[in-house]
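**Q** Pasting in a structure now, in structure tokens, and then I'll have a few things to ask.
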Amino acid sequence: WNKYLPEQELIEGTCSFHSMRNTDYMMKILTSIKLYNNSYTNLIKKNSLFQKMKSHKQLKLDLGHLIDDNNIQLNGFQIKQIMKKKGLSKNIFPVYYSKCKSEFYSNDLDAIQTIIKKESYIIGFILFKKRFNIITHWCPIIIDKRNDIVNIHIADSYNMTWWGDPRINALV
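Residue numbers (my numbering): -1 to 170.
Shown next as structure tokens:
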């Protein structure tokens, strides 16, 4: 979805806030789609929340709402605190990737297990990516499972092309 979203600049440093915002919007959009059919993608694109999600003006308003202080380099615990304080979805979980496996906060594991045991669910992850020990990024990934059909949405604002990532495979 990054072709549609307002771009986040490389040195901007607010990717954690973009990730929270985009994950929450996409989860609300997907929740509003009651019936899965061939027009699934079009239903997402036509949704009024998707129009807000694409808006540069709305992005500035949303970031203003989410960012309370000058600390923009957040860790997973801080992301969880902000999401709770700002009333974002409770089904969004920060996750780290280390040594070829996904690492969740221990108190999130029970909630995640409860969600994924259901026949259908929507769950969001904000995946921490680190490259070359200097480049860090939080990437929003949303899984929409409806019975036997699973759609994975990457709602990243960073201007890059996605061609696959082993961290996403490990997460799934």
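We treat Cβ as the ideally placed atom computed from N, Cα and C, and that holds for glycine.
Can you give me the C-alpha to C-alpha distance between residue 117 and residue 144, rounded to a whole angstrom?
**A** Residue mapping note: residue 117 aligns to position 119 of the sequence shown, counting from 1. Residue mapping note: residue 144 aligns to position 146 of the sequence shown, counting from 1. Taking the straight line joining both Cα atoms gives about 7 Å.
**Q** Identify the residues that DSSP records as bridge partners of residue 4: which are they?
**A** Stepping through the sequence shown from its first residue, residue 4 is reached at position 6. BP columns for residue 4 are empty, so no partner.
**Q** Within 8 Å: the Cβ of residue 3 and any heavy atom of the ligand GTP?
**A** In terms of ligand content, the structure shown is empty, and the ligand GTP therefore cannot be addressed.
**Q** Am I right that residue 18 and residue 77 are in contact with their C-beta atoms under 8 Å? What's the rounded C-beta distance?
**A** Start at 1 with the first residue of the sequence shown, and residue 18 comes out as number 20. Start at 1 with the first residue of the sequence shown, and residue 77 comes out as number 79. Residue 18 to residue 77, Cβ: 6 Å. Contact.
**Q** Relative to the alpha-carbon of residue 54, which residue among 110, 5, 39, 127 has its alpha-carbon at the smallest distance?
**A** Working through the sequence shown from its first residue, we reach residue 54 at position 56. Checking every option, the nearest Cα to that of residue 54 belongs to 5.
**Q** Would you tell me roughly how many angstroms separate the C-alpha atoms of residue 114 and residue 107, rounded to the nearest one?
**A** In the sequence shown, the residue the question calls residue 114 occupies position 116. In the sequence shown, the residue the question calls residue 107 occupies position 109. Near 11 Å, if we compare the C-alpha coordinates of residue 107 and residue 114.
**Q** Count the other C-beta atoms from every protein chain shown that fall within 10 angstroms of the C-beta of residue 147, then say buried if there are 16 or more, exposed otherwise.
**A** By 1-based counting over the sequence shown, the position of residue 147 is 149. With fewer than 16 Cβ atoms within 10 Å of its Cβ, residue 147 is classed as exposed.
**Q** When DSSP builds the beta bridges, which residues end up paired with residue 125?
**A** Taking the sequence shown and counting its residues from 1, the one referred to as residue 125 is at position 127. Residue 125 pairs with 93, 137.
**Q** Can you give me the C-alpha to C-alpha distance between residue 23 and residue 83, rounded to a whole angstrom?
**A** Counting from one through the sequence shown, the residue named residue 23 turns up at place 25. Counting from one through the sequence shown, the residue named residue 83 turns up at place 85. Using only the alpha carbons, I get a separation of about 16 Å.
**Q** Pull the bridge partners of residue 119 from the DSSP assignment, please.
**A** As a first step, residue 119 is located in the sequence shown; it is residue number 121 there, counting from the start. In DSSP, residue 119 forms a bridge with 143.
**Q** Helix, strand or coil: how does DSSP classify residue 70 here?
**A** For the purposes of this step, residue 70 is taken as residue 72 along the sequence shown, with counting starting at 1. Residue state, collapsed to three classes: coil.
**Q** Based on Cα-Cα distance, which residue from 105, 93, 109 lies nearest to residue 126?
**A** For the purposes of this step, residue 126 is identified with residue 128 of the sequence shown, where counting begins at 1. If we check each option's Cα against that of residue 126, 93 comes out closest.
**Q** Span of the alpha helix (DSSP H) holding residue 109?
**A** Start at 1 with the first residue of the sequence shown, and residue 109 comes out as number 111. 104 to 114 is the span of the alpha helix (DSSP H), which, as asked, contains residue 109.
**Q** Going by CA-CA distance only, name the one from 81, 101, 27 that's closest to residue 49.
**A** Taking the sequence shown and counting its residues from 1, one reaches residue 49 at position 51. Nearest C-alpha to residue 49: 27.
**Q** Leaving out five residues on either side along the sequence, give the residues of the same chain with a beta carbon under 8 Å from the beta carbon of residue 124.
**A** Start at 1 with the first residue of the sequence shown, and residue 124 comes out as number 126. Excluding residues within five positions, the ones whose Cβ falls inside 8 Å are 14, 17, 18, 21, 74, 77, 90, 91, 92, 93, 136, 137, 138, 139.
**Q** Please report the residue range of the alpha helix (DSSP H) in which residue 35 lies.
**A** To locate residue 35, count along the sequence shown from 1; it is residue 37. First-last for residue 35: undefined, no H or E at that position.
**Q** Are residue 153 and residue 41 close, meaning C-beta to C-beta below 9 Å?
**A** Here residue 153 is taken as the residue at index 155 of the sequence shown, counted from 1. Here residue 41 is taken as the residue at index 43 of the sequence shown, counted from 1. For residue 153 and residue 41, no; Cβs fall outside 9 Å.
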